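Reviewing the structure listed below.
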Amino acid sequence: MGKFFSRLAVGVGALALATTGLLGAASPASADDPETPSLANIDPTAQTSLTIHKYDGNEGTAGDGTAIPDTSEFGNALEGVQFSITPVTAKSGTIIDLTTYEGWELIKGATVADVTATGSAFTLGIPTTATTLAGGSVTTSLPIGFYLVTETDPGNNNIITPVAPFLVSLPYPNSADWIYDVHVYPKNVVDDTDITKTVSDSTKVVLPDGTLVTDKALVDWTITVPVPAASEYTKFVVTDPLDSRLTYQSIKVTIGGTELVEGAEADYTVTGNIVVTFTSSGLSKLVAGTSVVLVLKTEVTGSGIIPNTVSAVVNNFNTTIDPITTPTTNWAPLKVIKQDSANQKLLKDAKFEIWNSDKTTKVGTYTTDSNGEINVTLWVGNNSDVTEKYWLKEIEAPAGYITPTGDAAWTEVDLVASTSPVVLTKTLPNEKQKGPSLPLTGGQGTMLFLIAGVAIIGAAGGTLIFRKARA
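Structure (structure tokens):
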């Protein structure tokens, strides 16, 4: 019996050791064991981020969420482009949790149209704004989730069409692993051409109210807007805010030399001060690489250096393309005062001609008003040209005054345009005509009568003496 229990104890001990060995072999290795296999599951505690890299140029192949080391062929990095990153938080009332299987099932196959449609089953959270920095990129730390990214502002970049909104998950699935710091590279077509604007010369003058239409000082502004490349054209607006000294007269719009028709049912409309908006008909005629040319005719109604800016908006993205320079038409005021040379009283009805600097072109003929004045504003140049010489020629003095002749009839006028116009005043005297000889009166007449009287008396006295002598 003793031997039986002794052998049983040995057997139990051996079984215990064997069991211990098996359990030990089945136990997981310690965390410090370098051979421990890593899990492919999403780490719910991971920090995630989205880095947006913004470049100009045409779109290339789609990215995979990883950072691209060499971007030298991507185009120019765009600073100041603003994005809105909006979390998509739920679908049909169920929270989207991408640390769960159910969360990924909720977003499976989702598109931007699904997320943004009116009455969408998806719920959007509070957006975060991200603006690209000097290198064209911006990194935003975000929690794990599903996001709608929308380009909202081009900054100072002439972006014709914003990048299409896109969806991104954080983390992003990759064949090798999950990407917790996702990189995206949206690109835009940028208009690198400039609007140009020029202004015509003028030989007219600006006169006080009440002048005839033919006397109006008209200048033409020619605006050239290159048509940028775009997949489609949804908006084309040119705005020319006229200075208060300019009054709109008419406009002509052409594309590639073909004139368009104004009207809501035609190619474009003109409203306000001055907004040219293309209709669907006009938009259909836009061709990349051509130019829209607008010739805007205005009347000048004041003096000084008169600027005229212009801007254009292409497509629905709020991008304004400004001209590289702002042209100016420059005008200076002239006042002619006519007066009597003897008493300096004012004279109306004196007629003058105004001629250009070399006396080859007559600007017009003008007459002093009831105040003895001619007030005109003359064109002196465009842009940096702010001086000009004119000549006044008196062609007819008021009744009873002498009209000067030869060089005396011409008066040089040197005008200077400025932002604060100063009136140049020319005061020109006239002498009265010489009247015909009048009968002599006063001292000389009296003396003649006195001499005649003495002669008569002398003659009478002589006759009397002669008669006495004969007697």
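So for the sequence shown, the numbering used here puts the first residue at -6; every next one is plus one.
We put the CB at the ideal spot given by N, CA and C, even for glycine.
Just so we're clear, the structure is a prediction, and the values are computed from it rather than from any experiment.
C-alpha distance - residue 206 paired with residue 295, whole-angstrom precision: The predicted position of residue 206 is uncertain, since its pLDDT is 39 and thus under 50; a value taken from the coordinates is nonetheless stated next. Their Cα atoms are separated by approximately 16 Å.
Could you round the C-beta distance between residue 386 and residue 372 to whole angstroms and report it? I think they count as a contact, below 8 Å. Incorrect: roughly 19 Å between the Cβ atoms, too far for contact.
How long is the line joining the alpha carbons of residue 240 and residue 288, rounded to whole angstroms? Between residue 240 and residue 288, the alpha-carbon positions lie close to 14 Å from each other.
Name the two residues that bound the continuous alpha helix (DSSP H) containing residue 98. Residue range 94 to 100 is occupied by the alpha helix (DSSP H) that includes residue 98.
Among 346, 269, 341, 347, which one has its Cα closest to the Cα of residue 361? Residue 361 has its Cα closest to that of 341, out of 346, 269, 341, 347.
Does the stretch 116 to 128 come close enough to the stretch 273 to 285 that 3 or more CB-CB pairs lie under 8 Å? Counting Cβ pairs under 8 Å, fewer than three are found: no touch.
The alpha helix (DSSP H) enclosing residue 106, as first and last residue numbers: From DSSP, the alpha helix (DSSP H) with residue 106 extends over 105 to 109.
Restricting to Cα atoms, I'd like to know which of 151, 180, 407 is closest to residue 130. The residue with the shortest Cα to Cα distance from residue 130 is 180.
Rounded to whole angstroms, how far is the Cβ of residue 108 from the Cβ of residue 159, which I believe are closer than 8 Å? Going by Cβ atoms, the distance from residue 108 to residue 159 rounds to 10 Å, so no, they are not a contact pair.
What first and last residue would you give for the alpha helix (DSSP H) that runs through residue 371? Note, residue 371: premise wrong, no alpha helix (DSSP H); beta strand (DSSP E) at 366 to 375.
Does the separation of the CB atoms of residue 245 and residue 216 fall below 8 Å? Taking 8 Å as the Cβ cut-off, residue 245 and residue 216 do not qualify as a contacting pair.
Three-state class that DSSP yields for residue 243 in the structure shown: Strand at residue 243.
Cα-Cα separation between residue 345 and residue 306, rounded to whole angstroms: Cα to Cα, the separation comes out at about 49 Å.
Endpoints, the alpha helix (DSSP H) within which residue 340 is located: No alpha helix (DSSP H) contains residue 340, which DSSP labels as neither H nor E.
Let me check understanding here. Comparing Cα to Cα, which of 395, 324, 65, 234 lies closest to residue 427? Residue 395 is the option with its Cα nearest to residue 427.
To the nearest angstrom, report how far apart residue 74 and residue 170 are at their CA atoms. When rounded, the distance between both Cα atoms is 30 Å.
Looking only at DSSP bridge pairs, what is residue 166 linked to? 171, per the DSSP bridge assignment.
If you check the beta carbons only, do residue 176 and residue 55 fall under 8 Å apart? Here residue 176 is not near residue 55, since their CB atoms are 8 Å or more apart.
Quick check on residue 296: does DSSP put it in helix, strand or coil? Under the three-state reduction of DSSP, residue 296 is assigned to coil, being neither helix nor strand.
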